[in-house]
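Residue 86 in numbering that gives the first Met the number 0 sits at position 87 of the sequence shown; the count goes up by one each step and never skips. Below is one structure, written out as structure tokens, with a few remarks after it.
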Amino acid sequence: MTRSTGLRIIQPGALPEAAAAVKVNDLNVWFGTAHILREIAVSFQEYRINCIVGPSGSGKSTLIRSINRMNDDVAGYCAKGTIHVDGKDIMSESINVAKLRQEVGMVFQKPCVFPKSISENVLFGMQDLKKLTVQERLQIVENNLKLTALWREVSHRLHDKAVTLSLGQQQRLCIARTLAVKPKVVLLDEPTSSLDPVSSRAVEELMLELKKEYTIVFVTHNIQQAQRVADHLVFMCNGGVIEQGSKQKLFHNPEKELTRKYLNEEYCDC
Ligand SMILES: Nc1ncnc2c1ncn2[C@@H]1O[C@H](COP(=O)(O)OP(=O)(O)OP(=O)(O)O)[C@@H](O)[C@H]1O
Ligand SMILES: [Mg+2]
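This is the structure in structure tokens:
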């Protein structure tokens, strides 16, 4: 009798499959009569950078905004299907949306700092701040600015207005603010598209660090960036998922011709 060794064959360079922190199943989204997402079934693994690529208008933002219920407020929004985060059905009516948004943090395309000081920005989303001492608050500010590699740059000016930071620093501050509420999943929607190449690289380096502790879902238009940082890749087109799998598979051995063309940056009619 042959016994399974339990070993799995992994493509060179690919990480083994990790547990799914986010599972989307048969998700359909409409804005009014427009059918925007069609039968989406994807899994985002924990401690990985799960990267979504696809042409403009393919539904990438709509998909990630579904994971923390950001679409709820859009007029005419209607969704069917299921999304589980850490095993919890987040489309259920009984879900506490504010709590969900703490567990599933989001960073947007353009840095969106509040007209407050650097330290106040880090603490902005935290509950029960009044229960903390000044020293405890400072510690949280320091920890999160260290996590986002900003501490050395701003530790001497924590009371300065956040808008006085460079755009790249502002984006890392937004990430620090997102991390301060201790999310499990961090959604990043083209976080580097308004940054210069050096600041973009700093955010990429940061994501590579953060994946050790968080589930990262990252949307980018930049194929080279996806190649540098992604573990798992989802290719979307026209409201649907064309293909998903390890970065190695999609870049080197895709099943679909459309995937090959898109990732080779050839003209692709989808
Ligand atoms: N609030 C809305 N009302 C109506 N249609 C919308 C709304 N938001 C998005 N859409 C449409 O849904 C489709 C998907 O948009 P989405 O923003 O998800 O695409 P995307 O892949 O993120 O594009 P991009 O790469 O340009 O950011 C587009 O056709 C868009 O016009
Ligand atoms: Mg988008």
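We put the beta carbon where it would ideally sit given N, CA and C, even for glycine.
Asked, Found
"Residue from 85, 248 and 239 with nearest C-alpha to residue 290", "There is simply no residue 290 to check, as the chain begins at 0 and stops at 269 in what is shown."
"Status (buried if at least 16 other CB within 10 Å, exposed otherwise) for residue 34", "exposed"
"Residues bridged to residue 30 [DSSP beta-bridge criterion]", "33 and 76"
"Extent of the continuous beta strand (DSSP E) run through residue 251", "No beta strand (DSSP E) contains residue 251, which is instead part of the alpha helix (DSSP H) from 246–251."
"Option in 38, 224 and 214 with minimal Cα separation from residue 198", "224"
"For residue 219, the nearest candidate out of 18, 84 and 107 (CA to CA)", "107"
"Closest Cα partner of residue 247 within the set 140, 259 and 179", "259"
"Residue 49 - containing beta strand (DSSP E), residue span", "48–52"
"Nearest-angstrom beta carbon gap, residue 233 and residue 243 [assumed within contact, 8 Å]", "4 Å"
"C-alpha gap between residue 126 and residue 96, whole angstroms", "15 Å"
"Residue range of the alpha helix (DSSP H) that includes residue 177", "166–179"
"8 Å contact criterion, which residue 157 and residue 118 should meet: CB distance rounded", "4 Å"
"Within 8 Å, strictly: CB atoms of residue 173 and residue 111", "yes"
"Residue 241 versus residue 249 - alpha carbon distance", "11 Å"
"Close Cβ partners of residue 60 (< 6 Å) along its chain, the five nearest in sequence each way excluded", "188"
"Under 8 Å between C-beta atoms of residue 139 and residue 164", "no"
"Distance, residue 48 Cα to residue 9 Cα", "Below a pLDDT of 50, predicted positions are generally treated as unreliable, and residue 9, at 47, falls in that range; the measurement from the model is reported next regardless. The straight-line gap from Cα to Cα measures roughly 17 Å."
"Where the beta strand (DSSP E) containing residue 214 begins and where it ends", "214–218"
"Top-ranked residue by Cα proximity to residue 203, from 256, 262 and 171", "171"
"Identity of the residue in 30, 41, 32 and 134 nearest residue 235 by Cα", "41"
"Residue 69: first and last residue of the uninterrupted beta strand (DSSP E) it sits in", "Run containing residue 69: none; DSSP gives neither H nor E here."
"Neighbour-count burial assignment, residue 55, 16 or more Cβ in a 10 Å radius", "exposed"
"Coil, strand or helix - residue 98 by DSSP", "helix"
"Ligand 2 site residues, beta-carbon cut 7 Å against heavy atoms", "59, 60, 188, 189 and 218"
"Residue 184, enclosing beta strand (DSSP E) - first and last residue", "184–188"
"Segment limits, beta strand (DSSP E) that includes residue 235", "231–236"
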